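J.: One line per chain: the protein sequences are A and B, in this order. In short: position in the first sequence from 1, add 27, done, that's this note's numbering. In short: position in the second sequence from 1, add 27, done, that's this note's numbering. We put the CB at the ideal spot given by N, CA and C, even for glycine. Note that the structure is a prediction, hence the values are computed from the model and not measured.
There are 2 protein chains.
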Amino acid sequence: MRAVDIIMKKRGNPTAPAGSSLSREEIAFLISGYVQGEIPDYQISAWLMSVYFNGMNFVETGYLTDVMLTSGSVIDLSGLTGPFVDKHSTGGVGDKISLPLAPIVAAAGVCVPMMSGRALGHTGGTLDKLESITGYKTALSVREFRNILSKTGFAMTGQTKEIVPADRLLYALRDVTGTVESVPLITASILSKKVAEGADALVFDVKCGSGAFMKNLADAQKLADSLAGTGKAMGKKVVALITAMDEPLGYKIGNFLEIEESMDVLEGHGPQDVTELTLLCGAWMTVLAHKASSVDEGKDLCRQAIHSGKAMELFLENVRLQGGDVPRLLADRESRRSRHTTTIRAEQTGAISSIDAFTTGLAGVYLGVGRNKTDEQVCPDAGIILKYKKGDRVNAGDVIMEVYGKDEACLDPAVHLLQKAISISSSVPDKTPLILKEITAL
Amino acid sequence: MRAVDIIMKKRGNPTAPAGSSLSREEIAFLISGYVQGEIPDYQISAWLMSVYFNGMNFVETGYLTDVMLTSGSVIDLSGLTGPFVDKHSTGGVGDKISLPLAPIVAAAGVCVPMMSGRALGHTGGTLDKLESITGYKTALSVREFRNILSKTGFAMTGQTKEIVPADRLLYALRDVTGTVESVPLITASILSKKVAEGADALVFDVKCGSGAFMKNLADAQKLADSLAGTGKAMGKKVVALITAMDEPLGYKIGNFLEIEESMDVLEGHGPQDVTELTLLCGAWMTVLAHKASSVDEGKDLCRQAIHSGKAMELFLENVRLQGGDVPRLLADRESRRSRHTTTIRAEQTGAISSIDAFTTGLAGVYLGVGRNKTDEQVCPDAGIILKYKKGDRVNAGDVIMEVYGKDEACLDPAVHLLQKAISISSSVPDKTPLILKEITAL
């Protein structure tokens with residue numbers, strides 16, 4: 028077997044039409060060879076570009092996922108009571124769904140081993156949000172992860188170095204070779220990590236819109252289909268939701284600010300959009316875990332978990348178990364704010380026709396909510412509080428946003444962006460749905 | 028400027044449609060950066076693959092050619108009388124056109140600075156053929172090259188290391204990354220070397236058929252158009268001929284054997300196909316050099332160069348100047364043969380319907396005419412003499428080929444291939460044209 032022949036098979040050659048399917052052995056030869064330093068990066072990047080152009084079917088993508096997965100260790104959840112169900116979002120602005128979701132679903136009796144990521148670019152990261160809770164530790168050992176999982180039914184950790192090293196190598200190469208935007212490569216990157224953490228079933232929240240990686244429904248649909256199809260090809264149960272990400276989710280964008288809003292959801296008085304999406308994801312997770320026989324029944328289970336107080340109880344117990352200072356969290360709630368602050372007021376009277384998620388997310392990076400490079404620090408207290416959302420009527424001069432920065436200097440560029448993010452029109456815009464599509468592969 | 032942005036521009040991204048044209052600066056940034064070790068090979072291979080898929084227009088290909096060209100030194104022909112005209116063939120079997128062509132065109136008053144290549148795979152190489160002349164030296168210094176050029180109007184040399192180093196680097200990378208078969212990349216590779224040797228005008232012989240790199244007319248046409256269009260975009264005059272390479276050219280395939288057949292052409296009694304193609308290439312070269320005002324007039328000039336004996340005189344003078352042993356060449360002619368020999372006889376009575384060029388060329392590699400790897404030696408005396416060609420009637424038992432090998436062991440596998448190469452049918456096949464198309468960019 029030669030790498031160049033595999034590249035040319037995917038690329039197309041006189042004996043194989045362009046985009047020919049690769050076998051498990053061929054994909055393993057390339058990827059395992061790359062991880063082991065036997066196949067040079069210049070061959071892998073040429074192959075990645077041929078995949079960018081000619082794609083991979085779900086079976087091939089499953090092979091790639093599987094080969095990547097086996098490049099490292101897999102979390103051993105044996106002895107714990109499954110099935111293990113997780114949710115993954117492709118990333119958005121104000122997207123704190125994981126935070127209330129995990130304890131709600133755990134309270135409904137589902138085991139949720141959750142591995143999350145960090146903020147990058149305009150999108151936020153669950154780990155950064157959790158770490159805004161004083162003392163909260165997101166780098167758990169497998170032993171700690173299992174222990175907390177067994178006690179509260181969910182645990183929140185970052186990816187360890189042992190998990191899917193192939194993904195880190197490949198992602199770094201894709202990043203500099205123009206091969207990031209490939210649906211099968213994105214699919215394998217996401218799925219390999221989720222399967223490595225031990226999930227048997229998965230709910231994907233594929234964001235679609237200005238603040239998402241996928242800007243339009245067609246692209247989001249391709250990724251959702253690929254995640255569902257590849258997951259199924261690998262013997263996993265997958266539900267892929269396509270949800271709107273044109274405006275931020277909820278009213279709060281920031282690290283600690285999003286913890287606060289998540290606690291509101293856990294108490295049953297969260298924002299309508301965050302609650303709706305949390306309940307839908309939660310319902311599907313209970314269905315996938317055989318705790319509910321329909322989405323409606325699943326939603327009822329999740330509502331009970333909230334109204335009984337059980338979900339909040341598990342959340343606080345998890346905070347304690349992961350090292351967080353619960354009394355301080357409760358004291359900080361609604362009061363801990365950066366002192367570098369300003370407001371944005373409506374420039375005219377009318378109705379808010381849009382608050383652009385992407386621009387708002389970029390402003391968040393300036394403020395310290397997120398980061399441009401993986402080695403940058405984030406600020407726990409920075410963020411944006413929206414006082415109004417799309418469709419709300421405002422009068423000129425009304426405060427539309429409260430803005431909190433990591434320092435004084437960052438406020439000006441952030442405000443400049445946020446002013447651009449807000450559009451006010453004379454008429455009230457049409458309501459747009461939050462849930463755009465549900466794709467199931469059960 | 029970042030390499031990844033240039034890759035994504037060619038690949039296509041939200042702000043640039045797939046295959047967007049790159050500027051001279053962008054191409055120079057990539058290629059000069061690569062040659063200088065500043066841009067890593069994994070970015071270049073991803074870019075090469077994006078060019079494979081999305082192509083380059085003639086202007087871009089001209090930029091690439093120009094940037095490659097300036098990666099090394101350019102032969103200085105100042106002081107010599109131009110215009111300088113050369114011919115390049117994409118490679119075939121029995122293709123010895125350069126050998127009689129250069130002295131014929133020189134005899135017609137055109138200065139021909141010729142840089143040639145070596146045999147590789149099933150195709151032969153002019154340098155290997157010349158070196159079969161005892162003493163003939165093909166590695167000339169620029170000073171020697173200029174000196175011989177000024178005396179005989181043509182000189183034959185190999186590419187020096189100083190000429191287009193970018194091409195060697197890029198070709199080695201393309202070879203292992205599945206990016207060889209790209210018309211703009213092939214074009215830039217060929218053109219950069221030809222322009223570096225000082226040519227003002229060029230005749231390309233784009234071979235088409237089983238024994239050629241381009242197997243069908245559509246592919247050959249793309250390459251011919253690209254060579255002509257890119258050459259024109261660079262201010263060069265270019266004629267691209269598409270010629271048949273389904274059966275070997277002439278009756279002799281080998282190194283010294285092809286020297287002999289070339290001398291026959293120089294004496295006016297060469298094979299019809301070799302003579303026809305030599306005269307057509309020669310005629311175009313005289314037109315490009317303003318020595319003739321039409322192809323017909325150019326052919327007449329070339330015929331005169333043959334019949335006056337001037338072309339042969341220049342050939343022998345060149346052999347002498349390049350270190351060759353002229354008396355020995357004349358003594359060896361028609362007598363120097365490998366002692367490892369056999370024949371191939373007709374298995375049935377009928378008409379030869381084809382002698383497959385590719386299979387014959389592969390047999391030649393076994394015999395020692397060519398090589399599979401660039402560091403292998405060739406055998407000057409090995410080769411094949413065809414006694415019949417396509418369309419000729421044969422009786423069962425007639426000798427169709429004389430076969431000469433570098434050793435005894437190579438004869439069997441070569442014969443096995445050659446038997447496969449020959450097809451005999453009951454009816455005489457239709458005549459097929461040698462010259463398939465002429466593309467001019469003047």
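Contact check, Ala373 (chain B) vs Ile427 (chain B) under 8 Å by CB: the rounded distance?
T.: The pair is a contact, with the Cβ atoms about 5 Å apart (cut-off 8 Å).
J.: Relative to the alpha-carbon of Ala436 (chain A), which residue among A:Leu306, A:Leu394, A:Asn282, A:Ser77 has its alpha-carbon at the smallest distance?
T.: A:Leu394
J.: Could you tell me the alpha carbon to alpha carbon distance between Tyr61 (chain B) and Arg173 (chain B), rounded to whole angstroms?
T.: Approximately 32 Å, taken between the alpha carbons.
J.: Is the CB-CB distance between Thr179 (chain B) and Ala228 (chain B) below 9 Å?
T.: no
J.: What would DSSP say about Arg201 (chain B), mapped onto helix, strand or coil?
T.: helix
J.: With which residues is Glu429 (chain A) paired in a DSSP beta bridge?
T.: A:Thr370, A:Ile412
J.: Are Val120 (chain B) and Gly418 (chain B) touching if we call contact CB-CB under 9 Å?
T.: 9 Å or more divides the Cβ of Val120 (chain B) from the Cβ of Gly418 (chain B).
J.: Answer with buried or exposed for Gly410 (chain B), where buried requires no fewer than 16 other C-beta atoms within 10 angstroms of its C-beta.
T.: Classification of Gly410 (chain B): buried, given that the 10 Å Cβ count is 16 or more.
J.: For Val31 (chain A), go through chain B and note every residue whose CB falls closer than 9 Å to its CB, in chain order.
T.: By Cβ distance, chain B contributes Asp202, Val203, Thr204, Gly205.
J.: Can you find at least 3 beta carbon pairs, one from the segment 218-233 of chain B and one from the segment 359-376 of chain B, that sit closer than 8 Å?
T.: no
J.: Starting from Ala468 (chain B), follow the beta strand (DSSP E) in both directions and report where the run begins and ends.
T.: From DSSP, the beta strand (DSSP E) with Ala468 (chain B) extends over 462-468.
J.: Can you tell me which of the three DSSP states Pro211 (chain B) falls into?
T.: helix
J.: Along chain A, in chain order, which residues have C-beta atoms closer than 7 Å to that of Ile34 (chain B)?
T.: Neighbours of Ile34 (chain B) across chain A, judged by C-beta separation under 7 Å: Thr204, Gly205.
J.: Could you pull out every residue in the same chain whose Cβ sits closer than 6 Å to the Cβ of Ala43 (chain B), ignoring the five residues on either side in sequence?
T.: Lys36
J.: Is there contact between the segment 153-161 of chain B and the segment 315-328 of chain B, where contact requires at least three CB pairs shorter than 8 Å?
T.: no
J.: If you measure from the beta carbon of Ile71 (chain A) to each beta carbon in chain B, is any gap under 9 Å?
T.: yes
J.: Closer than 8 Å is the cut-off here; do at least three beta carbon pairs connect the segment 247-258 of chain B with the segment 158-173 of chain B?
T.: no
J.: Taking the DSSP output, what are the residues bridged to Met290 (chain A)?
T.: Met290 (chain A) is not bridged to any residue.
J.: Is the distance from the Cβ of Leu147 (chain B) to the Cβ of Gly106 (chain B) below 9 Å?
T.: no
J.: Quick one, which residues of the segment 371-386 of chain A are near chain B if we go by CB-CB under 9 Å, in chain order?
T.: none
J.: What residues from chain B crowd round Asp68 (chain A), counting only those whose CB sits closer than 7 Å?
T.: Close to Asp68 (chain A), with beta-carbon spacing below 7 Å, are these residues of chain B in chain order: Tyr69.
J.: Hey, out of B:Met95, B:Leu176, B:Thr204, whose CA is closest to Gln70 (chain B)'s CA?
T.: B:Thr204
J.: Quick check: Gly238 (chain A) and Glu274 (chain A), are their CB atoms within less than 9 Å of each other?
T.: yes
J.: Out of B:Glu287, B:Ala338, B:Glu158, B:Gly397, point me to the one whose CA is closest to Gly432 (chain B)'s CA.
T.: Taking Gly432 (chain B) as reference, the option from B:Glu287, B:Ala338, B:Glu158, B:Gly397 with the minimal CA-CA separation is B:Gly397.
J.: Go through its chain and collect everything with a Cβ distance to Arg195 (chain B)'s Cβ below 7 Å, but skip five positions before and after it.
T.: None.
J.: Please go through the segment 375-425 of chain A and give each complete beta strand (DSSP E) segment of 3 or more residues, from N-terminal end onward.
T.: 377-382, 410-413
J.: Does Asn40 (chain A) have its Cβ less than 9 Å from a Cβ in chain B?
T.: Interface criterion met: the Cβ of Asn40 (chain A) is under 9 Å from a Cβ in chain B.
J.: State the CB to CB distance for the pair Leu75 (chain B) and Leu250 (chain B), rounded to an integer number of angstroms; the pair is presumed to be in contact (CB under 8 Å).
T.: Going by Cβ atoms, the distance from Leu75 (chain B) to Leu250 (chain B) rounds to 17 Å, so no, they are not a contact pair.
J.: Cα separation between Leu306 (chain A) and Asp68 (chain A)?
T.: Their backbone Cα atoms lie some 44 Å apart in a straight line.
J.: Tell me which residue opens and which closes the beta strand (DSSP E) that Ala245 (chain B) is part of.
T.: Per DSSP, Ala245 (chain B) lies in no beta strand (DSSP E) segment; the continuous alpha helix (DSSP H) that holds it begins and ends at 244-260.
J.: Where in the segment 283-334 of chain B do unbroken runs of the beta strand (DSSP E), each at least 3 residues long, occur, reported from the N-terminal end onward?
T.: none
J.: Does the contact criterion of 3 or more C-beta pairs under 8 Å hold for the segment 265-272 of chain A versus the segment 91-101 of chain A?
T.: no
J.: Going by DSSP, name the residue or residues bridged to Lys114 (chain A).
T.: A:Val230
J.: Confirm, please, whether the CB-CB distance from Gly277 (chain B) to Asp300 (chain B) is below 9 Å.
T.: yes
J.: Please report the straight-line C-alpha distance between Ile66 (chain B) and Phe231 (chain A), rounded to a whole angstrom.
T.: Ile66 (chain B) and Phe231 (chain A) have their C-alpha atoms roughly 37 Å apart.
J.: Between Thr49 (chain A) and Ala30 (chain A), how many whole angstroms is the CB-CB distance? I'm expecting something under 8 Å.
T.: It is Leu, not Thr, that sits at residue 49 (chain A) in the sequence shown. Actually they do not touch by this definition, with Cβ atoms about 12 Å apart.
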